[in-house]
Amino acid sequence: MELDADNAVRSAAQDAAGLVAAMPRLVLEARKIAASVYHGLHGRRRAGSGENFWQYRRFVDGEPSARVDWRRSARDDHLYVREREWEAAHTVWIWPDLSASMVFASPLVWETKRDRALIVAFALAELLVKGGERVGIPGVMRPSASRRIVEKMAESLVHASSLPQSLPPSFSPSPLAEVVLLGDLWSPTQEVVESLAGLAASGAHGHVVQVCDPAEETFPFSGRVEFREPESGTLLTIGRAETVREDYIERVARHRAIIRREAERRTWSFLVHRTDRPASELLLALHARMAGGASALPPMPSGAPEIEDASDERGAHAGEHPAGEHPAGDTRATAAAGGHAS
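Residue 119 in UniProt numbering sits at position 119 of the sequence shown; the count goes up by one each step and never skips.
Here it is in C-alpha cells:
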C-alpha cells in the first residue's frame, strides 16, 4: 500500500491557512455532534429539579467528610460532594494538539487528526458550558462560560501567536479543575510522562486521548518507503517496510502502555481514538468519564465498539526504537508522516 507523504503532510504555513479555511466547517460539525449527544443523554435535568451530575464533583482529600453526599457516592467507587450549580461550576482545560504531525490523513480516512481533535474539543466545550462549566485553552484562551464558547475557542486559536503544539505549556491547574488532552502523543515518551506529572501535581483530574489515523495502528507499508517527519522534515527511508511492521506495532504498544500506566497512577483516564470511528463515540466516552462513570450515559448503540484503551503492559520503558532509528514514543517520522514507495 502506498501513502503519499507529500499529500498527507503540509508545510506549517499551509497548515495555518488550512486551519483558518476549515474552521467554519469544524464549528458547524462540532455543534451538530454536540446537539446530537446532548439530546441523546437521559435524565439530564436543570439544576434544582432533581439529581444531576453537574451538581456533583469528586471529593478532594482534605475536605470535611460532612460534605460528602453518601447517597450519590454509593453508586460507584468515588466520593462526591453535592453543590448548587453556581458553586459546582469549575474549569475544564482542553488542549487540542495542532502540531504538524496532526495534519495527516491516510487514504483510509477522510479527516485529519487535527480536524477530529478540534471537532471533539469544540463539541465537548459546548456540552460542558451547557452544564454550567467554564472552558479554557492553556496559554491561548482564558476560561469562559460564554454561550458562544465554540466560536470563542475557534477565534482564539485562529488569532493565537502560535498554534498549540503536541503538549500543553507548563501550568498549574487548580485542584478542582479537569484537563483534557487531545493529540497523537507521538512525542518522546518521557516528554509525555513529564507533562502529565506536571499537570497532575496540583491534584487536578484529567483525561488523555491519543487521536490516531488507522494507518498509524496497522503500518500498512511495503517495499521501499520514504517517510518524512512532519515537524522537522527529516527523511527516513526503509528498504522493505513490511519487515519492521511487527516491531513498529509492538513498540507503539509499549509507548502507549507507559502513558496509560502513568495516567492511571494519577487517576487520570487514557483513551485511544481512531479517526475512522465516529467523533461522537469519543465525545460520549469523555462525557461519561467526566460524569463519574459510564452509568451516567445511555448505552452505546448496538454493535458500536467501545473506545479502545491501551492494552500492552509488557515491560515498557523509554528509549526503545519503534521503527528505524527513532526512540520509543518519537514515532512521528513513521506514524504521522505517511510514506511513499521510492
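Ideal placement from N, C-alpha and C gives every residue a C-beta, glycine not left out.
Check                                                                                                                                                                     : Outcome
Does the segment 63-70 come close enough to the segment 157-173 that 3 or more CB-CB pairs lie under 8 Å?                                                                 : no
From the DSSP secondary-structure annotation, give me the bridge partner or partners of residue 141.                                                                      : 137
So, residue 184 versus residue 102, is the Cβ gap smaller than 7 Å?                                                                                                       : yes
With a Cβ-Cβ cutoff of 7 Å, do residue 171 and residue 138 count as a contact?                                                                                            : yes
Exposed or buried, what is residue 281 when buried is set at 16 or more other beta-carbons lying within 10 Å of its beta-carbon?                                          : buried
Rounded to the nearest angstrom, what separates residue 177 and residue 90 at their Cα positions?                                                                         : 6 Å
Residue 80 bridges to which residues according to DSSP?                                                                                                                   : 58
Which residues in the same chain as residue 92 place their Cβ atom closer than 6 Å to its Cβ, once the five residues preceding and following it in sequence are excluded? : 128, 133, 135, 178
Determine the closest residue to residue 38 out of 77, 18, 124, 59, with distance taken between C-alpha atoms.                                                            : 124
Let me confirm a value: residue 161 is counted as buried when at least 16 other C-beta atoms fall within 10 Å, else exposed. Which label applies?                         : exposed
Does residue 131 pass the burial test, meaning 16 or more other C-beta atoms within 10 Å, or should it be called exposed?                                                 : buried
If we count the other Cβ atoms within 10 Å of its Cβ and call it buried at 16 or more, is residue 206 buried or exposed?                                                  : buried
Residue range of the beta strand (DSSP E) that residue 93 falls in?                                                                                                       : 91-96
Would DSSP call residue 156 helix, strand or coil?                                                                                                                        : helix
Where do the ends of the beta strand (DSSP E) carrying residue 224 lie?                                                                                                   : Where residue 224 is concerned, there is no enclosing beta strand (DSSP E), given that its DSSP letter is neither H nor E.
Would you list the one or two residues that DSSP bridges to residue 274?                                                                                                  : 212
Helix, strand or coil for residue 231? Go by DSSP, reduced to three states.                                                                                               : coil
Residues in its own chain within less than 8 Å of residue 286 by CB, not counting five upstream and five downstream?                                                      : 120, 124, 180, 207, 209, 271
Keeping to the same chain, check which residues put their C-beta closer than 7 Å to that of residue 126; ignore five residues upstream and five downstream.               : 30, 31, 34, 149, 150
Between the alpha carbons of residue 244 and residue 20, how many angstroms are there, rounded?                                                                           : 37 Å
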